[in-house]
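**Student:** Residue numbers (the UniProt record's numbering): 1 to 430. The following block contains the structure, expressed as structure tokens.
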Amino acid sequence: MGCCASEPIDFEKEVDITHFEIGISIGKGAFGKVRIVQHKKSKIQYAVKYMNKEEIIKRGSAEHVLSERRLLEEAQHPFIVNLRYAFQDDEHLLMILDLKLGGDLRFHLTYKGPFTEDRAKFYFAEVSCALNYLHGLKIVHRDIKPDNILLDEKGHASVTDFNVACHYKDDKPLTSKSGTARYMAPEVVAGTGYLNAVDWWSLGITTYEMFYGYAPFRARHKDELRKSIMNDPLEFSKNPKYNISDVAIQFITALLTRPLEDRLGSNENGGYAKIKEHEWFKDIVWDKVEKKELPVPFVPDVEKNAYHDPRYGLEEMFSGRNELADKPVRNGGSIGGRRRSSAVQSTSGNGVPGSQTGTSGPPTIDTNSRAQGVGMSRSPSISPNSNAAAAAAVAAITSPTQSPEKKGFFVPPRRVARNYISRRVAATAV
Numbered sequence: 001m002g003c004c005a006s007e008p009i010d011f012e013k014e015v016d017i018t019h020f021e022i023g024i025s026i027g028k029g030a031f032g033k034v035r036i037v038q039h040k041k042s043k044i045q046y047a048v049k050y051m052n053k054e055e056i057i058k059r060g061s062a063e064h065v066l067s068e069r070r071l072l073e074e075a076q077h078p079f080i081v082n083l084r085y086a087f088q089d090d091e092h093l094l095m096i097l098d099l100k101l102g103g104d105l106r107f108h109l110t111y112k113g114p115f116t117e118d119r120a121k122f123y124f125a126e127v128s129c130a131l132n133y134l135h136g137l138k139i140v141h142r143d144i145k146p147d148n149i150l151l152d153e154k155g156h157a158s159v160t161d162f163n164v165a166c167h168y169k170d171d172k173p174l175t176s177k178s179g180t181a182r183y184m185a186p187e188v189v190a191g192t193g194y195l196n197a198v199d200w201w202s203l204g205i206t207t208y209e210m211f212y213g214y215a216p217f218r219a220r221h222k223d224e225l226r227k228s229i230m231n232d233p234l235e236f237s238k239n240p241k242y243n244i245s246d247v248a249i250q251f252i253t254a255l256l257t258r259p260l261e262d263r264l265g266s267n268e269n270g271g272y273a274k275i276k277e278h279e280w281f282k283d284i285v286w287d288k289v290e291k292k293e294l295p296v297p298f299v300p301d302v303e304k305n306a307y308h309d310p311r312y313g314l315e316e317m318f319s320g321r322n323e324l325a326d327k328p329v330r331n332g333g334s335i336g337g338r339r340r341s342s343a344v345q346s347t348s349g350n351g352v353p354g355s356q357t358g359t360s361g362p363p364t365i366d367t368n369s370r371a372q373g374v375g376m377s378r379s380p381s382i383s384p385n386s387n388a389a390a391a392a393a394v395a396a397i398t399s400p401t402q403s404p405e406k407k408g409f410f411v412p413p414r415r416v417a418r419n420y421i422s423r424r425v426a427a428t429a430v
């Protein structure tokens, strides 16, 4: 790891990239990469997600990127990839996130095959806690899938990639086709309007995949996939090589029920409480889940194994380029002689993105989406002046004189931690 600062670092001032040792690349996305970094003073390792500002503006995604940052500012939970710092330099927007080195569930399904029932149940329980927390904040994730569930070095799961997440109102259903097609709920595909129940459908698809290694609704073409999601019966293989009980089949079937009034987890059918009451969880002590006190079925050996795609590091090795370490940093990482950063004090242990922190391919933008989410629509070229919100978003990532207190890419120091602690104290008091 190398340092790019040319003068002594003042750790008492706002955080910038010179406060970190720059490590290897572990992920690649539409606008940049994800790297391991280590804070020089605390020695804590994080993941830095850095995105090229020119590319963001060129693709008309400034508002979309800022929406992701604001949601991460608001949401802090033991089973979510938490934001710790956010700042920018001349070229990039940077988010410092918890580091999870255990890989995503897609990696483990690909290289090791389907999970045991106890392992699938464990991951569902932890992810469901995160979703229930998000829904309490009126946030719907909209892209739950194995790729977006990461393991830490102790084997606990966390939800990552808030690229298409957004707030919702109970009296104003969302209509945009945002997310990954294979995991979309029928009401998303149909465009009839939806709320948070789509996350339970997506987690149901993910749970099915944990048992079988493939999703239940598949097709070669987009139109065929839509028809399959809307109409095809849910089938479970009877091959004995798949370790799935009748109770697990009944549970997944309840999650993947098309009518909302009958879908397990939906507000129309008892919400999250009904999920926890299901027979499949009769051996789960829910009070121990969020405290991370349940026995962990699989512990990644992060000392011996790299649970991310090695191609990212190899590309860099052959190119000889490290965008963050190679670039000159002026004024300690400031813009226009002014420091531009925001710190979020850690409220939980070390932990987030492995190989998939917002590392999906170039997004297609649905202009009807509040979060300008990744959907099945075209990818428009949005002018920075197409609307007031988009123009403000562009200004937030380009203006060198913006105050951190304004609604740009930055958040006031310690704001996230304070809000999370307040919510936790209130919940305990109740």
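No residue lacks a Cβ here, since even glycine has one placed at the ideal position from N, Cα and C.
1) Check the DSSP bridge columns for residue 45 and list the partner residues they point to.
2) What is the C-beta distance between residue 27 and residue 34, in whole angstroms, given that I count them as a contact (C-beta under 8 Å)?
3) Going by C-alpha to C-alpha distance, which of 255, 78, 192 and 230 sits closest to residue 150?
4) With the cut-off set at 8 Å, would you say residue 229 and residue 217 are in Cβ contact?
5) Can you give the beta carbon distance from residue 148 to residue 164, rounded, assuming they're within the 8 Å contact cut?
6) Have a look at the DSSP bridge pairing and note the partners of residue 129.
7) Which residue comes first and which comes last in the alpha helix (DSSP H) that contains residue 202?
8) Could you tell me the alpha carbon to alpha carbon distance between residue 95 and residue 233, rounded to whole angstroms?
9) Round the Cβ separation of residue 209 and residue 109 to the nearest angstrom and send it over; I've been treating them as touching at under 8 Å.
10) Please report the residue range of the alpha helix (DSSP H) in which residue 223 lies.
11) DSSP three-state label for residue 17, please.
12) State the Cα-Cα distance for the pair residue 89 and residue 55, rounded to the nearest angstrom.
13) Do residue 289 and residue 120 have their C-beta atoms closer together than 8 Å?
14) Starting from the Cα of residue 198, find the closest Cα among 249, 141 and 14 and give me that residue.
15) Anyone know if the C-beta pair for residue 81 and residue 98 falls short of 8 Å?
16) Can you look up residue 84 in the DSSP assignment and give me helix, strand or coil?
17) From the DSSP output, which residues share a beta bridge with residue 159?
18) Closest by CA to residue 195, which one among 207, 19, 178 and 205?
**Tutor:** In brief:
1) 38
2) 3 Å
3) 78
4) yes
5) No, residue 148 and residue 164 are not in contact; Cβ-Cβ is about 10 Å, not under 8 Å.
6) Residue 129 pairs with nothing; no bridge assigned.
7) 197-212
8) 42 Å
9) 7 Å
10) 222-231
11) helix
12) 14 Å
13) no
14) 141
15) yes
16) strand
17) 80 and 149
18) 178
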